[in-house]
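Taking it in order: structure first as C-alpha cells, then the write-up.
Chains as they are written, first to last, in the UniProt record's numbering: chain A, 1 to 238; chain B, 1 to 238.
Pasting the structure below:
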C-alpha cells in the first residue's frame, strides 16, 4: 500500500467508524425512547406516579441525546462531505433523531396525564385502551428501529401497516370514551386525561411510521412520505 | 481574473444562488402554511366547511413543497459540500421544512374539527378562544419566518416568549371548556372538537418556537433547544 492510499484507507476507515457510531448511538437513544413509552403506559395503567415522574425526568436525557448526536451528524457532514448513500444515511439519522425526541415528548405527556388522573382519583372503569394501544405503539417503535438497523424494508412496511391499525383502534377507543363521558358526566375530567394520553400514544405510532419511511428511502432511494400504504407496498416490492 | 479564479468565482456565485433559492422557496412555503393556519381558524369560527375543505386540500401542496425543497437541500449538500455557516443554514432549512409541514398537518386537523363541529350543529356558545389563539399563533408563524429572513434574533426571542403566553392561554381556555362541558353534558361531543382544534393551534405555536430556535442557532451558533426562556434571552443578549 502506498503512503497515500494508506492515508485514504485510514480516512475511510475513520469515516465508517464515525457512521457506525452515530448509527449505534441513535439506536441506543431509540431503545431509551421505547422504554419511555412502555414505562409511561405502565405508569398510566397502574396510576404509578413515581414511575410517571421518572419518565418526565428521563425526557431530559432523551433531549440531550438528540442535541448531542445531531451535533455529531453536523460534524460528519462538515468534515467528511459524505456523498450518495452515506449522505442519505447521515441525513436520515438526523431526521430520525427528531422523531425520537418527539416520541419522548409524547411519553412525557402520557406520564403527565397519569399524574393528573391519579390526582383526580383514577377512573371507576379500567382503561384497557391505553394498555392495548401503548403496547402496540411501543412494539412499533422497536420494529421501526430494528428495520433501520437491518435495513429491512419488509419490516418497515409492516410498521406502516401497523400505524393504520393503530389509527383505527384509536378512533374506536375515542368513540367509546365519548359515550362513557356522556353517560357519566362526573367522569369528564378523568376521561379527558385518558383521551390526551391516547392521542399522545397515537402520535408515537405516527413517528414510528416516519422512521419506517426513512428506512425505505435509504434502501430504495424513493420518498414514500405522504403516500398511501398501497403505493408504499408497491415501492417496497419493486 | 485568471481562468481558474473566474471558474471558482462562478461556482461560488452559483452556490449563493442555490442557497438563496432554497431560502426563498422555504419562506414561500412558510407563507402558505401561515395562510393555512389563518384559513383553518376562520373556517372553524364561521363553520365554513367549504373553506375547511380547501385547507385540507391545500395540505397536499404543503407536503409536496416539503419533499421538493428538502430534496434540493440534499442536492446542495451532495454537490457543494457547504462548510461552517452555509452548512448550518442548509441543515436549519431542512429542519424548518419539517416544522412547517407539521404546522400544515395541524391546520388540516383544525379544518377537520371545523367540519365535524358543523356536522354536530355547532356550539350554542361562541368559541372565541379559537379566534384568539388562532390569530396569536398565525402571527407567531409570520414573525418566526420574518426573524429567519432577517436573521433577527430579538424577534426570534419574542416568538419564543409568545409561545409561553400561548401555552398559558391554552391552559385557561381548556379549563373553561371543561367547566362548560360539565355544566352542559349535551355539548360534550361539540366541545371536544373545540379542544382538538385548540390543541392543534397550540402545537403550531410550538413549531413556531422551533423555527425561532433555529434562527438563534444560525446567528449565535448556540443550541437553545430545551432551554428555558431566561437562558434563551441570555444567549441572545450575549
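Here a beta-carbon is modelled for each residue, glycine too, at the ideal position from N, C-alpha and C.
In angstroms with no decimal places, state the Cα-to-Cα distance between residue i and residue j.
i, j, result
"residue 192(A)", "residue 31(A)", "29 Å"
"residue 163(B)", "residue 53(B)", "28 Å"
"residue 195(B)", "residue 40(B)", "14 Å"
"residue 100(B)", "residue 61(B)", "12 Å"
"residue 151(A)", "residue 73(A)", "19 Å"
"residue 236(B)", "residue 155(B)", "10 Å"
"residue 183(A)", "residue 183(B)", "14 Å"
"residue 147(B)", "residue 140(B)", "10 Å"
"residue 153(B)", "residue 127(A)", "46 Å"
"residue 178(B)", "residue 188(A)", "8 Å"
"residue 23(B)", "residue 12(B)", "16 Å"
"residue 66(A)", "residue 29(A)", "8 Å"
"residue 63(B)", "residue 223(A)", "12 Å"
"residue 239(A)", "residue 17(A)", "Outside the shown range of chain A (1 to 238) lies residue 239(A), about which nothing can therefore be said."
"residue 174(A)", "residue 78(B)", "46 Å"
"residue 171(B)", "residue 125(A)", "27 Å"
"residue 95(B)", "residue 95(A)", "8 Å"
"residue 93(A)", "residue 48(B)", "41 Å"
"residue 207(B)", "residue 98(A)", "12 Å"
"residue 168(A)", "residue 197(B)", "20 Å"
"residue 42(A)", "residue 160(A)", "24 Å"
"residue 115(A)", "residue 26(A)", "29 Å"
"residue 36(B)", "residue 14(A)", "46 Å"
"residue 210(B)", "residue 225(B)", "8 Å"
"residue 202(B)", "residue 166(B)", "7 Å"
"residue 76(A)", "residue 76(B)", "16 Å"
"residue 176(A)", "residue 38(B)", "32 Å"
"residue 240(A)", "residue 46(B)", "What the structure shows of chain A is the stretch from 1 to 238, and residue 240(A) is not part of that stretch, so it cannot be assessed."
At a Cβ threshold of 7 Å, is residue i touching chain A?
i, result
"residue 223(B)", "yes"
"residue 182(B)", "yes"
"residue 75(B)", "no"
"residue 207(B)", "no"
"residue 83(B)", "yes"
"residue 40(B)", "no"
"residue 78(B)", "yes"
"residue 143(B)", "no"
"residue 63(B)", "yes"
So the alpha helix (DSSP H) residue i belongs to, where does it begin and stop?
i, result
"residue 142(A)", "128–150"
"residue 218(B)", "188–220"
"residue 236(A)", "229–237"
"residue 104(B)", "84–119"
"residue 225(A)", "Residue 225(A) -> no alpha helix (DSSP H), and no H or E assigned at all."
"residue 155(A)", "153–183"
"residue 63(A)", "49–80"
Taking CB distances under 7 Å as the criterion, tell me whether residue i reaches chain B.
i, result
"residue 212(A)", "no"
"residue 10(A)", "no"
"residue 87(A)", "yes"
"residue 111(A)", "no"
"residue 292(A)", "Since the first and last residues shown for chain A are 1 and 238, residue 292(A) lies out of range."
"residue 185(A)", "yes"
"residue 160(A)", "no"
"residue 188(A)", "yes"
"residue 173(A)", "no"
"residue 156(A)", "no"
"residue 132(A)", "no"
"residue 226(A)", "yes"
Run the proximity test for residue i: is its beta-carbon closer than 6 Å to any non-hydrogen atom belonging to the ligand ZN?
i, result
"residue 113(B)", "The model on display carries no ligand, and the ligand ZN is accordingly not part of it."
**Request:** Check whether the stretch 3–19 of chain A touches the stretch 100–120 of chain A, taking contact to mean three or more Cβ pairs, one atom from each stretch, closer than 8 Å.
**Result:** no
**Asked** Would you say the stretch 210–218 of chain B touches the stretch 79–91 of chain B, given that touching needs at least three Cβ pairs under 8 Å?
**Response** yes
**Message:** Quick test of the definition: if touching needs 3 or more C-beta pairs under 8 Å, does the stretch 134–145 of chain A touch the stretch 222–231 of chain A?
**Reply:** no
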